[in-house]
Amino acid sequence: MSGYALLINVLLLNYFLVVEVHGGFLRLKREDNETENNIIEVFHDCKCVYYYQCDANNRVITNGENLIDVRMGENVPKPENTTRIQCKGGTFEGELICCKVNGTESSTEKVIPDKNHDNATVDPMHQCGTQRTKINVRIITDEDSDEEINPLDGEFPWITAIYRKNKQGKWYFYASGTLIHPKVILTANHYFNRKHANNFKVILTGNIELTNIGNNINNERNVAEIVNHPKYYAGALYNDGALLILDKPFESTNTNSINTLCLPPDNLSMNSGRCLVAGWGKGSEEAGTQILKKVDLPIVPFDKCQEQLRKTRMDSDYMLHESFMCAGGEKNKDACKGDGGSPLMCLLPGQTRYFVMGVVSWGIGCGTENVPGIYASAIKLKPWVLDELKKRNLKI
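Throughout the sequence shown, residue numbering follows mature numbering (1 follows the signal peptide of the UniProt record, and there is no 0), covering -23 to -1, 1 to 373 in sequence.
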């Protein structure tokens, strides 16, 4: 048959294509990139995606690895390039490649509430989740406002500033955390994975202005131990929780602005409502100082959150892991870089006390409409937290 072409009419994916075979080589004549990419996908059993949606093993990323914006100001590295099948289109060569569609899937774990959780009665002023302001703080929510608000001193008496020592021995603000026990800070594990405890200090004053190490040693604590979540996955930040065990407790007294934040109630199901997040991250600078900022956000149901994330660069195959929960999706209202580890705080049902609903973890940009922020779910973290406290004879 050599010396002439065999013409074949092929009907594939609703496109009529002319195929010419020359000495064993297949040449496809098409009129647009979409048609050609459909053929590439069928012949190679893959899917045309942007290069950053494909991992080093040429598989579509479905868990968000290398796609998420970690809330700590560091860029996530792009996957290493390998020999790949290129798709047509894009603004530069190699922007679109064909990836296998069987990436990392979510696992399923059943969370069993701890029946031995200690709820001993204490002075209402020192109950977890009680604000320590001089006046009562009434939350007025304006869903149409994109303004971040300065809280009052004592409004969030459990939010801690965590400092790290650099190679020159200088201390700098590193992350935020939440006092859940006088000796225990709950924060985001992506800051503390494989880190040494002696490189960290914690400051808790209950005030909104960020202070420095050495200003008041009575409000400083050394970190004696870092407890990383055993199922943490750095690539996609699954189970993004860590505990910092302090060398000595922060004491809540009648004269200071310090208190602990409650863990989520047992059997809590919360798919709506509005909660607060506060931090010293991006946008907190005022007149040369960093001032705590707060913003109220709507809780976004899990399935809706996954659906909205699939409309971003995460693409349609993304699977939101069960260790996450979501809040936000309103324009210009979000946690952002530098807020990692800060708590998402909700009111206990029928009370004026707060509990931690989530820990700021990651997102796609900041403050984009219909793109929620992603938090490590405190509901999912709670059994692990209580177990670690029990090992150390610490009770909440």
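For each residue, glycine too, the CB sits at the ideal point set by N, CA and C.
From the options, pick the residue whose C-alpha is nearest to that of residue i; which is it?
| i | options | result |
| --- | --- | --- |
| Val179 | Asp22, Ile203, Lys270 and Asn370 | Ile203 |
| Cys31 | Asp22, Val78 and Phe20 | Val78 |
| Lys357 | Gly212, Ser293, Phe227 and Asn216 | Asn216 |
| Lys320 | Lys310, Ile222 and Val254 | Going by the sequence as given, residue 320 is Pro instead of Lys. If we check each option's Cα against that of Pro320, Val254 comes out closest. |
| Leu163 | Cys76, Asn14, Lys281 and Asn205 | Asn205 |
| Ala219 | Pro207, Ser229 and Ala213 | Pro207 |
| Glu228 | Phe279, Leu274, Ala165 and His158 | His158 |
| Tyr316 | Tyr151, Asp280, Ile341 and Leu214 | Note that residue 316 is Asp in the sequence shown here, rather than Tyr. Comparing Cα positions, the closest option is Tyr151. |
| Gly183 | Lys288, Ile17, Cys25 and Thr230 | Thr230 |
Could you check where the beta strand (DSSP E) with residue i kicks off and where it finishes?
| i | result |
| --- | --- |
| Ile194 | No beta strand (DSSP E) contains Ile194, which DSSP labels as neither H nor E. |
| Pro360 | Unbroken run through Pro360 is the alpha helix (DSSP H), Ala355 to Lys368; no beta strand (DSSP E). |
| Lys24 | Lys24 to Tyr27 |
| Gly154 | Trp148 to His158 |
| Leu245 | Here Leu245 belongs to no beta strand (DSSP E), and DSSP marks it neither H nor E. |
| Arg141 | Ile136 to Lys142 |
| Cys323 | Pro320 to Leu324 |
| Phe332 | Tyr331 to Gly340 |
| Ala304 | Phe301 to Gly305 |
Decide if residue i is buried, meaning its Cβ has at least 16 other Cβ atoms within 10 Å, or exposed.
| i | result |
| --- | --- |
| Arg198 | buried |
| Gly146 | exposed |
| Phe169 | buried |
| Ile194 | exposed |
| Phe2 | Model confidence at Phe2 stands at a pLDDT of 30, short of 50, so the residue's coordinates are unreliable; what they give is reported in the following sentence. Phe2 comes out exposed. |
| Asp364 | exposed |
| Ser149 | Note that residue 149 is Tyr in the sequence shown, not Ser. The residue in question, Tyr149, is exposed, as its Cβ has fewer than 16 Cβ neighbours within 10 Å. |
| Phe177 | buried |
| Val362 | buried |
| His173 | exposed |
| Gly106 | buried |
| Ile89 | The predicted position of Ile89 is uncertain, since its pLDDT is 39 and thus under 50; a value taken from the coordinates is nonetheless stated next. Classification for Ile89: exposed. |
| Thr85 | The pLDDT assigned to Thr85 is 34, lower than 50, so where the model puts this residue is not dependable; a value taken from the coordinates is nonetheless given after this. Burial call: exposed. |
| Lys160 | buried |
| Asp22 | exposed |
Contact criterion: CB-CB distance below 7 Å. Does residue i meet it with respect to chain D?
| i | result |
| --- | --- |
| Gly335 | No chain D appears in this structure, which consists of one protein chain only. |
Mind checking which residues open and close the alpha helix (DSSP H) that includes residue i?
| i | result |
| --- | --- |
| Lys281 | Phe279 to Leu286 |
Based on the DSSP secondary-structure assignment, which residues constitute the bridge partners of residue i?
| i | result |
| --- | --- |
| Pro275 | Arg251 |
| Leu73 | Tyr27 |
| Gly106 | The partner list for Gly106 (beta bridge, DSSP) is empty, contrary to what the question assumes. |
| Thr230 | In the DSSP output, where bridge partners are listed per residue, Thr230 has none listed. |
| Phe177 | Arg141 |
Does the stretch 286 to 296 come into contact with the stretch 358 to 368, if we say contact requires no fewer than three beta-carbon pairs (one atom in each stretch) closer than 8 Å? no
Is it a yes or a no for the stretch 184 to 191 touching the stretch 236 to 243, going by three-plus beta-carbon pairs under 8 Å? no
Under 8 Å, with one C-beta from each stretch per pair, do the stretch 225 to 239 and the stretch 328 to 344 reach the 3-pair mark? yes
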